[in-house]
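In the working numbering, the protein residues as written are 5 to 171.
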């Protein structure tokens, strides 16, 4: 399995070289630049979608499980588009297709991606009241006065004791 780490970049490089041979080197460079820009746009779009949907879910008081899964897949496909090479671009385009994305979610065991399961605040315990009394509080209030002592640290004699033993 470790050989994939070595083989994958070589296959990506080979695909770009083959694109340059079949067309021109300028086409290969243009492909890399356009795919990178499209990938960046996909990542930005996915980020905007996530923020918009999370704000709407917060207003409604419900968090939908499938909110992030589809947008994370879109962001991942944008990241794949930014990787130079035709193999990663082909995989990114496949991930962008919604039926393929749902099939991948089902294969990976990500339930709720296409079902839209909802979780509301009522299923969660209410937040703890920070001003409420703790369990061990018996209602006793201690009152008293204080006096601020000299805040300066005590002087330290660096010469040590003399013959009589005093500092």
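Note that CB positions come from ideal geometry on N, CA and C, so glycine has one too. Computed from a predicted structure; not experimentally measured.
Does the segment 15-23 come close enough to the segment 75-95 that 3 or more CB-CB pairs lie under 8 Å?
-> yes
C-alpha distance - residue 80 paired with residue 47, whole-angstrom precision = As a position in the chain shown, residue 80 is number 76, starting the count at 1. As a position in the chain shown, residue 47 is number 43, starting the count at 1. Their backbone Cα atoms lie some 8 Å apart in a straight line.
Tell me whether residue 155 is buried or exposed, calling it buried when 16 or more other Cβ atoms sit within 10 Å of its Cβ.
-> Position 151 of the chain shown, counted from the first residue, corresponds to residue 155. Residue 155 is exposed by the Cβ-count criterion.
Count the other CB atoms, across all protein chains shown, that sit within 10 Å of the CB of residue 111; report buried if there are 16 or more and exposed otherwise.
-> The residue given as residue 111 occupies position 107 in the chain shown. The residue in question, residue 111, is exposed, as its Cβ has fewer than 16 Cβ neighbours within 10 Å.
Classify residue 104 as helix, strand or coil using the three-state DSSP reduction.
-> Here residue 104 is taken as the residue at index 100 of the chain shown, counted from 1. Helix at residue 104.
Count the other CB atoms within 10 Å of the CB of residue 6; is the residue buried (16 or more) or exposed (fewer)?
-> Residue 6 sits at position 2 when you count from the first residue of the chain shown. Result: exposed.
Can the beta-carbon of residue 77 be found closer than 9 Å to that of residue 105?
-> For the purposes of this step, residue 77 is taken as the residue at position 73 of the chain shown. For the purposes of this step, residue 105 is taken as the residue at position 101 of the chain shown. It is a contact, given that the beta carbons lie within the stated cut-off.
How many Å lie between residue 74 and residue 22 at the Cα?
-> In the chain shown, residue 74 corresponds to position 70, counting from 1. In the chain shown, residue 22 corresponds to position 18, counting from 1. C-alpha separation (whole angstroms): 33 Å.
Can you give me the Cβ contacts of residue 153 inside the same chain, cut-off strictly under 8 Å, excluding the 5 residues immediately before and after it?
-> Residue mapping note: residue 153 aligns to position 149 of the chain shown, counting from 1. For residue 153, where only same-chain residues beyond five positions count, there are no Cβ hits under 8 Å.
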